[in-house]
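Protein chains in written order, with the numbering used here: chain A, 3 to 125; chain B, 3 to 125.
We put the beta carbon where it would ideally sit given N, CA and C, even for glycine.
Take a look at the structure set out below.
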DNA sequence: ACTGGACTTGACGTCGGCGTCAAGTCGGAG
DNA sequence: CTCCGACTTGACGCCGACGTCAAGTCCAGT
């Protein structure tokens, strides 16, 4: 299949696919006239990239999963590097969650205090 | 005081101060030779901007607080627009937290499954 | 007089993940 | 032959909050 079909089946755009190729994430062989030609494995790689990206992985962080699949593993997270990437992302998410929760609490406290000052007689 | 001193006392850089001025957030009067001259109110405004930015407010979203202070209020969140900004930010943070928590759960689930597959005999 | 700092404006660089436009090529349908 | 749609590469735009460099001004100290 060519780039347009893969983009449609993968729920993305041709621009994104060319970008992934520029990163070396999703390469393609070329037909005689220079067009990119993808197979079902390409769709599988794209699905892996997209599902990880949707979770919040940076494209660079999807690389171990993609390479794992290209190495013939049936699952992108069957390799140690992928598991390590999971762990890093998990730690990153936890830290981000903690920061955001703290920020939310500060905002909520500020909001409550501001409302107190504006309506000192409210119940 | 001039821009260097304000930057130091406010815990930021001269570049940031000029940027805030370009946004109309933190204006300054000029001395005869064209240098920016700030007073203690300027430091107060800067403190308001920085504390909000540190919580996660975009600079544009600190504008109501700054304008509130410039209107003579002792607190930046004494005005309705500031309270509204608090509410918007709170909602935004809650949404972001929910998304991140969902993402973390997905990653954790994936990680656990991957580890299961790698060590099928582990306890 | 000279040097060193602090100041000024202007403008380009950074990071990620593409969107979007330009200009050209190619193959098939009418 | 012509036209349309899909493809190609190249390159600039975008968002936010500045960092950084360039080139010039100005003032205080020695």
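| Item | Value |
| --- | --- |
| Other residues of its chain near residue 9 (chain A): CB distance less than 6 Å, five sequence neighbours each side excluded | 15, 16, 19 |
| Residue 115 (chain B) Cβ short of 6 Å to the ligand NAP heavy atom set | This structure lacks the ligand NAP; in fact it carries no ligand of any kind. |
| Bridge-paired residues (DSSP) for residue 7 (chain B) | Answer is none; residue 7 (chain B) lacks a bridge partner. |
| Residue from B:106, B:68, B:4 with nearest C-alpha to residue 46 (chain B) | B:68 |
| Proximity below 7 Å, CB of residue 129 (chain A) to CB of residue 109 (chain B) | Nothing about residue 129 (chain A) can be reported from this structure: the residues present for chain A run from 3 to 125 only. |
| Nonlocal neighbours in the same chain, by C-beta distance under 7 Å from residue 33 (chain B), ignoring five residues either side | 39 |
| Below-7 Å beta-carbon distance, residue 114 (chain A) vs any chain B residue | no |
| When B:3, B:88, B:53, B:48 are compared against residue 22 (chain B), the one with the closest alpha-carbon | B:48 |
| Contact list for residue 117 (chain B) against chain A, beta-carbon separation under 8 Å | 85 |
| Per-residue burial, residue 79 (chain B) [other beta carbons within 10 Å of its own, 16 or more giving buried] | buried |
| Alpha-carbon to alpha-carbon, residue 29 (chain A) and residue 82 (chain A) | 23 Å |
| Proximal residues, the stretch 22-52 of chain B versus chain A, C-beta separation under 9 Å | none |
| Interface residues of chain A facing residue 55 (chain B) [CB-CB closer than 7 Å] | Near residue 55 (chain B) there are no residues of chain A at all, since even the closest Cβ is about 11 Å away, more than 7 Å. |
| CB contact below 7 Å: residue 79 (chain A) versus chain B | yes |
| Burial state of residue 90 (chain A) (16 or more Cβ within 10 Å) | exposed |
| Within-7 Å CB hit, residue 72 (chain A) to chain B | no |
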